[in-house]
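Just so you know, the sequence shown maps onto residues 1 to 154 in the UniProt record's numbering. No residue lacks a Cβ here, since even glycine has one placed at the ideal position from N, Cα and C. Structure, as structure tokens:
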Amino acid sequence: MESGLLSLKWENHRVTFSEVLSTIRKKRQYCDATIACEGRFYKVHKMVMSACSDYLEHMFEETNLNNSVATHPVIVLQDIRCKHLEALLDYMYVGEVNVVQADLPSLIKAADCLRIKGLAVPDDRTVEKNDHYKNKNNYYDQNIKEENYDDNHS
1 MESGLLSLKW ENHRVTFSEV LSTIRKKRQY CDATIACEGR FYKVHKMVMS ACSDYLEHMF
61 EETNLNNSVA THPVIVLQDI RCKHLEALLD YMYVGEVNVV QADLPSLIKA ADCLRIKGLA
121 VPDDRTVEKN DHYKNKNNYY DQNIKEENYD DNHS
């Protein structure tokens, strides 16, 4: 029997992974963070948010540095409208989103604020140097009542 290296490939891994990610988002399973915007609360997954947003990754790293125990951070966004956040969440979880052309400039501005990969305008700024957004948005570690969560986009 040969002891060569074998390659096992899951042909539809990306499709399956994307479908599972969409399902756990809809069911709010395994959510470990919340994003608050205009009085609405969106349960999210830190792994997904961190993979898609340099800004949110930095915020979650800050919560880990400031707390020695596992937490459920709440990130409060003050410069982003809910409709733009909802579109960006769809983009991050699904990989695409349909927007009205008139909303595109505001959506791109929100994507730039959150440093969303694939949408933000690239430049030499780092999250740490982006003091305007760092100071205006906040994060908290607290429990939020379940009835305050947005039922359509969590």
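(request) Would you mind sorting S3 into buried or exposed? The rule is 16 or more other CB atoms within 10 Å of its CB. (result) Along the sequence shown, one-based indexing puts residue 3 at 3. Here S3 is exposed: its Cβ has fewer than 16 other Cβ atoms, across all protein chains shown, within 10 Å.
(request) Apply the 10 Å Cβ neighbour rule to Y42 and answer buried if 16 or more other Cβ atoms are within range, or exposed otherwise. (result) What you label residue 42 is simply residue 42 of the sequence shown in a count that begins at 1. Classification of Y42: buried, given that the 10 Å Cβ count is 16 or more.
(request) Would you mind listing the beta strand (DSSP E) stretches within the segment 41–100 that are 3+ residues and don't spill past its ends, in chain order? (result) Within the segment 41–100, the complete beta strand (DSSP E) runs of at least 3 residues fall at 73–77.
(message) D90 and C113 - do their beta-carbons sit closer together than 8 Å?
(response) Along the sequence shown, one-based indexing puts residue 113 at 113. Along the sequence shown, one-based indexing puts residue 90 at 90. No, the pair does not count as a contact, with Cβ atoms beyond the cut-off.
(message) Taking a contact to mean a Cβ-Cβ separation below 8 Å, would you say H72 touches T16 in this structure?
(response) Walking along the sequence shown from the start, residue 72 turns up at place 72. Walking along the sequence shown from the start, residue 16 turns up at place 16. Between H72 and T16, the gap from beta carbon to beta carbon reaches 8 Å or more.
(message) My assumption, with CB atoms under 8 Å, is that A108 sits in contact with S53. Please give the rounded CB distance.
(response) For the purposes of this step, residue 108 is identified with residue 108 of the sequence shown, where counting begins at 1. For the purposes of this step, residue 53 is identified with residue 53 of the sequence shown, where counting begins at 1. Checking the sequence shown, residue 108 turns out to be Ile, not Ala. Contact doesn't hold; Cβ gap of about 14 Å is too wide.
(request) Figure out for me which residue from C82, L104, N64 and L88 has the closest Cα to the Cα of M49. (result) Sequence index remark: in the sequence shown, residue 49 carries index 49 (1-based). Ranking C82, L104, N64 and L88 by Cα distance to M49 puts L88 first.
(request) Taking L77 and L65 to be in contact with their CB atoms under 8 Å, please state how far apart those CB atoms are, rounded to whole angstroms. (result) As a position in the sequence shown, residue 77 is number 77, starting the count at 1. As a position in the sequence shown, residue 65 is number 65, starting the count at 1. Contact check for L77 and L65: beta-carbon distance about 20 Å, past the 8 Å limit, so the pair fails to qualify.
(request) Alpha carbon to alpha carbon, how far is H45 from E146? Give it in angstroms, no decimals. (result) For the purposes of this step, residue 146 is identified with residue 146 of the sequence shown, where counting begins at 1. For the purposes of this step, residue 45 is identified with residue 45 of the sequence shown, where counting begins at 1. Residue placement at E146 is flagged as unreliable, the pLDDT there being 42, under the threshold of 50; a coordinate-derived value is accordingly withheld.
(message) Can you check which of these residues, R28, R40 and L104, is closest to C82 by C-alpha distance?
(response) Counted from its first residue, the sequence shown places residue 82 at position 82. Restricting attention to R28, R40 and L104, the CA atom closest to the CA of C82 is found in R40.
(request) Enumerate in chain order the residues of its own chain whose CB-to-CB distance from C31 is below 7 Å, with the five nearest sequence positions on each side excluded. (result) Your numbering for residue 31 matches position 31 in the sequence shown. Only K43, V44 and H45 meet the Cβ criterion.
(request) Report the option in V97, Y93, V99 and A102 whose CA atom is closest to the CA atom of I24. (result) The residue you call residue 24 lines up with position 24 of the sequence shown. When only C-alpha atoms are compared, the closest one is Y93.
(message) Could you compute how far the alpha carbon of T63 sits from the alpha carbon of L6?
(response) Taking the first residue of the sequence shown as 1, we reach residue 63 at position 63. Taking the first residue of the sequence shown as 1, we reach residue 6 at position 6. Rounded to whole angstroms, T63 to L6 spans 42 Å at the Cα level.
(message) Just verifying my parser: in three-state terms, what is the DSSP assignment at C37?
(response) Start at 1 with the first residue of the sequence shown, and residue 37 comes out as number 37. C37: strand per DSSP, three-state reduction.
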